[in-house]
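In the working numbering, the protein residues as written are 16 to 248.
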Ligand SMILES: [Mg+2]
């Protein structure tokens, strides 16, 4: 059975009002001047930086400042704690329920720290749908984090699935799938969900519409069921 693995930020939840502002406000704290939100997005998306602490560090550097990384993370966390209730769920719970009842193993690969992932899963009541989650704290070696394909590989191993689809929203997600295919040589499709950020990325399927995403994923799941039946002894 084909596994479906989801990114969180920009896919399951809209973080424009939380993480994007946390980057902006943290950078402003260290720079002592205003940073336009457009500059934050430009740096995050054009350079495909997945970790938002790294994005913040890059924004500060770009604006001619500097910050101790540990202090940056502390400040960022303090600001994010106040902004995290602004996050909104994008993919409806019903879709996860439908995919589960169709028999698809569901996973998450995210750049969120464990605490923030648990917060969002509990807040929207989504924890029960996911058979495996891989967050930033699960990957101790920074070099093995997204866009490196190791987190996706780990998730697929935990799901015990040989074939999958990754649903992501940015360049780092697309690169991770590309590297996964190269390094592990297993089938993995990239679905680009661009409801929040309209980027132009090569993908097996692209949509900004939840209903189209739903149809595509359910079709893929039923197709892989059919394929398995053919090869069953
Ligand atoms: Mg994302």
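Even for Gly, the Cβ is constructed at its ideal location relative to N, Cα and C.
Straight-line Cα distance separating residue j from residue i
i: residue 180; j: residue 131; result: 24 Å
i: residue 123; j: residue 51; result: 31 Å
i: residue 219; j: residue 203; result: 10 Å
i: residue 161; j: residue 188; result: 7 Å
i: residue 227; j: residue 84; result: 41 Å
i: residue 19; j: residue 182; result: 8 Å
i: residue 57; j: residue 72; result: 14 Å
i: residue 37; j: residue 163; result: 25 Å
i: residue 42; j: residue 237; result: 46 Å
i: residue 62; j: residue 158; result: 16 Å
i: residue 239; j: residue 232; result: 11 Å
i: residue 49; j: residue 96; result: 21 Å
i: residue 151; j: residue 191; result: 14 Å
i: residue 145; j: residue 155; result: 22 Å
i: residue 196; j: residue 185; result: 17 Å
Any non-hydrogen atom of ligand 1 within 8 Å of residue i CB
i: residue 118; result: no
i: residue 79; result: no
i: residue 183; result: yes
i: residue 215; result: no
i: residue 179; result: no
i: residue 83; result: no
i: residue 122; result: no
i: residue 192; result: no
i: residue 69; result: no
i: residue 131; result: no
i: residue 150; result: no
i: residue 24; result: yes
i: residue 188; result: yes
Environment of residue i [buried if 16+ CB atoms lie within 10 Å]
i: residue 126; result: buried
i: residue 39; result: buried
i: residue 81; result: exposed
i: residue 108; result: exposed
i: residue 172; result: exposed
i: residue 87; result: buried
i: residue 100; result: exposed
i: residue 65; result: buried
i: residue 224; result: exposed
i: residue 235; result: buried
i: residue 129; result: exposed
i: residue 59; result: buried
i: residue 230; result: exposed
Contact test: residue i Cβ vs ligand 3 heavy atom, cutoff 8 Å
i: residue 206; result: Ligand 3 is not part of the structure shown, which contains ligand 1 as its ligands.
- Per the contact definition of three or more C-beta pairs closer than 8 Å, is the region 92-109 in contact with the region 133-144? yes
- Is it true that the region 169-183 meets the region 115-133, where meeting means three or more beta-carbon pairs spaced less than 8 Å apart? yes
- Curious, which full-length alpha helix (DSSP H) runs of at least 4 residues does the region 26-76 contain? 34-46, 52-61
- Item | Completely contained beta strand (DSSP E) runs for the region 115-146, where each covers 3 or more residues | 121-124
- Hey, which unbroken runs of the alpha helix (DSSP H) at 4 residues or more fall wholly within the region 146-197? 165-174
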